[in-house]
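Top to bottom, those sequences are chains A and B.
Per full-length UniProt numbering, residue 1 is the first one in the first sequence, and the count goes up by one each step.
Per full-length UniProt numbering, residue 1 is the first one in the second sequence, and the count goes up by one each step.
Note that the Cβ used here is the ideal one computed from N, Cα and C, for glycine as well.
Protein chains: 2
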Amino acid sequence: MTRPVDQVLAAVDAGLDQSLERLFAFLRIPSVSTDSAYAAHCAAAADWLKADLATMGFAAEARATGGHPAVVAKSPGGAGPHALFYGHYDVQPVDPLDLWETPPFEPRIATGPDGSKRIVARGACDDKGQVMTFVEACRAWKAVTGSLPVGITMLIEGEEESGSKHLFDFVRANKADLAADIALVCDTGMWDKETPAITTSLRGIVVDEFKVVAADRDLHSGVYGGAAANPIHMIAKAIAAIHGPDGRIAIPGFYDGVEDLPADILADWKGLDLKAEDFLGAIGLKHPIGEKDRLLIEMVSSRPTCDINGIWGGYTGEGSKTVIPSEAWAKVTMRLVGKQDPVKVRDAFRAHIRAQLPADCRAEFFGSRGSAAIALPWDMPVLAKARGALTAEWGRKAVTIGSGGSIPIVGAFKEDLGLDTLLVGFGLEDDRVHSPNEKYDLTSFHKGIRSWVRILDALAA
Amino acid sequence: MTRPVDQVLAAVDAGLDQSLERLFAFLRIPSVSTDSAYAAHCAAAADWLKADLATMGFAAEARATGGHPAVVAKSPGGAGPHALFYGHYDVQPVDPLDLWETPPFEPRIATGPDGSKRIVARGACDDKGQVMTFVEACRAWKAVTGSLPVGITMLIEGEEESGSKHLFDFVRANKADLAADIALVCDTGMWDKETPAITTSLRGIVVDEFKVVAADRDLHSGVYGGAAANPIHMIAKAIAAIHGPDGRIAIPGFYDGVEDLPADILADWKGLDLKAEDFLGAIGLKHPIGEKDRLLIEMVSSRPTCDINGIWGGYTGEGSKTVIPSEAWAKVTMRLVGKQDPVKVRDAFRAHIRAQLPADCRAEFFGSRGSAAIALPWDMPVLAKARGALTAEWGRKAVTIGSGGSIPIVGAFKEDLGLDTLLVGFGLEDDRVHSPNEKYDLTSFHKGIRSWVRILDALAA
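Next comes the structure, spelled out in structure tokens:
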């Protein structure tokens, strides 16, 4: 007789069109969390998810957090461990809108250059598509067997793209409610189209915003030009001083707590042989800009970074304006690794910016937040089970990698709930997450659902 | 018996309220020339001016230029020379709008900190207020004597704030129509509240705009951060390299054609003793940022400059976005002096920017234009007449100064029409031209009208 898992996998294949319809409905909701103008849409996305999970027999609620609501949904399971699944329903802003080939919130199936099918929409991958791989896997288990192999609590938040502002308090305030044996997250990527991956380390992050102020008003460059400090030049000078010619970050103390990789991991990564022409070639670049003495894969996963994400000042409209502005602004994010302290890094950054400014200029900083990097135990028991399940689905040994991204809440799962987190995702490097024309391969979605079906089965064993 | 000029001056004093009403009507028209959204308002300002001049008996027309119309108005005069008066009815953009205490196009009379009255509105000084000092002087002469002491052709354009784009061709195409013996311009400033000035040199200008491009799309800093070139950092590096630590502009060849002042002028300027605490103190600054070995007055009038007027790139909305943008943009203006060649300076700037960029980044440049600096002959015959008239009105010897600003068309008056230009204006350093809350002292307006009444009288002598 066929094992239940095979019947469930067959059900996934048979129901793929309906699974896609549900994903598309989810993607049509413009749940941009960083812009308060979209607050109602974030609430709508939470309600949509709550209703969908309720139809599967989950006890689902959209809970207030002080920001956008968090969806909490529970379903008991068999003898196996209880799992806390985390994902987010909010998405990145869509600008620059004019670079989208079709409207970002009108999902469609497109054909990629290699003939493969892909889902195109904001959130197709990050994170609505990935969340739905898990939701659809649970749906299939329930449809076929009437229950789940393991008990599941879902926590789907709406503020991941704006730093999970309120989720940390929410987790602390709901420890009993979120209690579990293991945390599962689907917000990471594959190694490549064929090779599944489990992410065992995540970079931390510090977010800051600042302005450089000179004169107390905008000035006419014909009157004051040559004498008055120009804050655009001064912020440029400060930003130019962040990196040295060797690609290292020149902020004093920035690298405190950064450790080199264990020799065996470094050897594995050398074996993966990530090439600039492949990784950067895909986006029209050739030359890694990081520390000259590091592997490319280190630069993007195990080394810290500092990137200005936005800059503005003076006249940016049509034509020209001979103005020396009073202020210039910038937004920055720093990716942390190892034992770097977010507060110390933030303060070191601020001191470095201030140190570059002349007497007549001052810098003011706003809205900083941060989270330290995290690394999961390599000997985590469920790791072997998940690797087995993924290897079975994809026919290739699943690799364990470090992620350059940050999922701050995973640190809180460990600290506040005592949970290790299994990070499995099906994103690809060319998914354009955070960019125009974001996509998620149909294979990632389909085999992602199948992968979770197998992982849930393995966790129960 | 009283001389006509005294009767005309008395008429100016008696009619000041009506003069103000006319200026306010002119100021209420939002004739921003750099933004095509305001094109209809520019046309309306030209029509208003044409109609007003017609009521004074001028043969007035709003003439097509390929851009915003130029107002040309003529009235014959007595035996004296024929004068071509130039000014502009267009104004600077008003952003940042939220820094205006009252709406920029709702002119009002305010009281300054010293108790003096001032006209507050965009264009109050630059250049509507200044243009109307001349127009009202003509009106008074006509009202009292029925004619003008000298023949006058007015040329009031609508594109000065966007580089007089089409006026150069217009002047070349209408040489006969604009023929005169001397050009008069009212778009400059006084030395201080009490001391009138005649401007005898103007800086030239080069305007350019550029973008630095790295990847072919916006990137997720968590995926590519540390490896992919960030164009914001690269444009910052390029901008930071424009000036050296000594305050000099570090662009190779930039200073070609820049000459030191004649010893006697330098001596005069040392005598004027322009102090940083006065000139910069008024705008909340203390330390001149220019060449360390130069006088402050040289920095702002006889030395070349390079100022970034606007910069933008990446995410500039609310909250944060972990993006590495594909492009970063900047707008620049350079003020030229002496024999600097605008084309050579532009090319040197572009080469310098490109030289700062790494292999994966490229710079693209857009919409440059330029004009060389001009210097008027110190022995220009009408100079003495104008100095006499100004000294009589203000009770202080009028000084001759260099202006840091640029009025490109003055070069064309010399080249195409063979005219020297007498630059007399009544603006003050604290007028906030190009800034929020632009103002024009009521004294500047009133005594400005009276000054032109006297200058027209003197020119006829």
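Through-space distance from residue j to residue i, alpha-carbon basis
i	j	result
residue 222 of chain A	residue 352 of chain A	32 Å
residue 357 of chain B	residue 237 of chain B	8 Å
residue 53 of chain B	residue 81 of chain B	21 Å
residue 271 of chain B	residue 199 of chain B	17 Å
residue 218 of chain B	residue 107 of chain A	20 Å
residue 370 of chain A	residue 334 of chain A	9 Å
residue 208 of chain B	residue 350 of chain B	9 Å
residue 197 of chain A	residue 394 of chain A	10 Å
residue 322 of chain A	residue 189 of chain A	47 Å
residue 415 of chain A	residue 176 of chain A	14 Å
residue 40 of chain B	residue 105 of chain B	15 Å
residue 72 of chain A	residue 364 of chain A	39 Å
residue 383 of chain A	residue 203 of chain A	20 Å
residue 368 of chain A	residue 135 of chain A	34 Å
residue 328 of chain B	residue 148 of chain A	50 Å
residue 96 of chain A	residue 325 of chain B	10 Å
residue 128 of chain B	residue 88 of chain A	56 Å
residue 319 of chain B	residue 206 of chain A	13 Å
residue 8 of chain A	residue 294 of chain A	45 Å
residue 62 of chain A	residue 74 of chain A	12 Å
residue 396 of chain B	residue 385 of chain B	15 Å
residue 431 of chain B	residue 94 of chain A	41 Å
residue 454 of chain A	residue 213 of chain B	44 Å
Contact set between residue i and chain E, taken where Cβ atoms lie within less than 9 Å
i	result
residue 73 of chain B	The chain inventory of the structure shown lacks chain E, comprising the protein chains A and B.
Per DSSP, the bridge partner or partners of residue i
i	result
residue 334 of chain B	B/206, B/306
residue 63 of chain A	A/70
residue 83 of chain A	A/152, A/182
residue 32 of chain A	A/91
residue 110 of chain A	A/118
residue 326 of chain A	Answer is none; residue 326 of chain A lacks a bridge partner.
residue 441 of chain A	A/118
residue 311 of chain B	A/313, B/330
residue 77 of chain B	B/148
residue 136 of chain A	Note: residue 136 of chain A sits in no beta bridge, so no partner.
residue 157 of chain A	A/88
Range covered by the alpha helix (DSSP H) that runs through residue i
i	result
residue 364 of chain B	Looking at the DSSP string, residue 364 of chain B is not in any alpha helix (DSSP H); the run it does join, the beta strand (DSSP E), is 362-371.
residue 8 of chain B	4-14
residue 47 of chain B	39-55
residue 277 of chain B	276-279
residue 173 of chain B	167-173
residue 298 of chain B	296-301
First and last residue of the uninterrupted beta strand (DSSP E) at residue i
i	result
residue 339 of chain B	From DSSP, residue 339 of chain B is part of no beta strand (DSSP E); its letter is neither H nor E.
Residue i CB to nearest heavy atom of the ligand FMN below 7 Å
i	result
residue 160 of chain A	Here there are no bound small molecules, and the ligand FMN is not part of this structure.
(request) Indicate whether the contact test is met: 3 or more Cβ pairs, each with one atom in the stretch 254-267 of chain A and one in the stretch 165-176 of chain A, closer than 8 Å. (result) Verdict: no, contact absent.
(message) Across the stretch 412-422 of chain A and the stretch 177-192 of chain A, are there enough close Cβ pairs to call them in contact, namely three or more that are closer than 8 Å?
(response) Between the stretch 412-422 of chain A and the stretch 177-192 of chain A there are three or more inter-stretch CB-CB distances shorter than 8 Å, so the stretches are counted as touching.
(request) Please list the segments of the beta strand (DSSP E) lying wholly inside the stretch 188-271 of chain A, counting only runs of 3 or more residues, in order along the chain. (result) Listed in chain order, the complete beta strand (DSSP E) runs (minimum 3 residues) inside the stretch 188-271 of chain A are 197-202, 204-213.
(message) Using a Cβ distance threshold of 8 Å, determine whether the stretch 107-114 of chain B contacts the stretch 46-64 of chain B, with at least three qualifying pairs required.
(response) Taking a contact to require three or more Cβ pairs closer than 8 Å, the stretch 107-114 of chain B and the stretch 46-64 of chain B do not qualify as touching.
(message) Taking contact to mean 3 or more Cβ pairs, one atom from each stretch, closer than 8 Å, check whether the stretch 11-31 of chain B and the stretch 40-49 of chain B are in contact.
(response) A contact exists between the stretch 11-31 of chain B and the stretch 40-49 of chain B.
(request) Give, in chain order, every unbroken run of the beta strand (DSSP E) that is at least 3 residues long and sits entirely within the stretch 361-432 of chain A. (result) The stretch 361-432 of chain A contains these whole beta strand (DSSP E) runs: 362-371, 399-403, 421-424.
(message) If contact is defined by three or more beta carbon pairs under 8 Å, each pair taking one atom from either stretch, is the stretch 272-289 of chain B in contact with the stretch 284-301 of chain A?
(response) In this structure the stretch 284-301 of chain A does not touch the stretch 272-289 of chain B; the number of beta carbon pairs closer than 8 Å is below three.
(request) Decide if the stretch 13-24 of chain B is in contact with the stretch 152-163 of chain A; the criterion is three or more beta carbon pairs, one per stretch, under 8 Å apart. (result) No, the stretch 13-24 of chain B is not in contact with the stretch 152-163 of chain A.
(message) Quick test of the definition: if touching needs 3 or more C-beta pairs under 8 Å, does the stretch 305-315 of chain A touch the stretch 305-322 of chain B?
(response) With a cut-off of 8 Å, the stretch 305-322 of chain B and the stretch 305-315 of chain A count as touching, because enough Cβ pairs lie within range.
(message) If contact is defined by three or more beta carbon pairs under 8 Å, each pair taking one atom from either stretch, is the stretch 427-440 of chain A in contact with the stretch 114-131 of chain A?
(response) The stretch 114-131 of chain A is in contact with the stretch 427-440 of chain A.
(request) Evaluate contact between the stretch 336-344 of chain A and the stretch 250-263 of chain A, counting only Cβ atoms and requiring at least three cross-stretch pairs below 8 Å. (result) Touching, yes, given that three or more Cβ pairs across the two stretches are closer than 8 Å.
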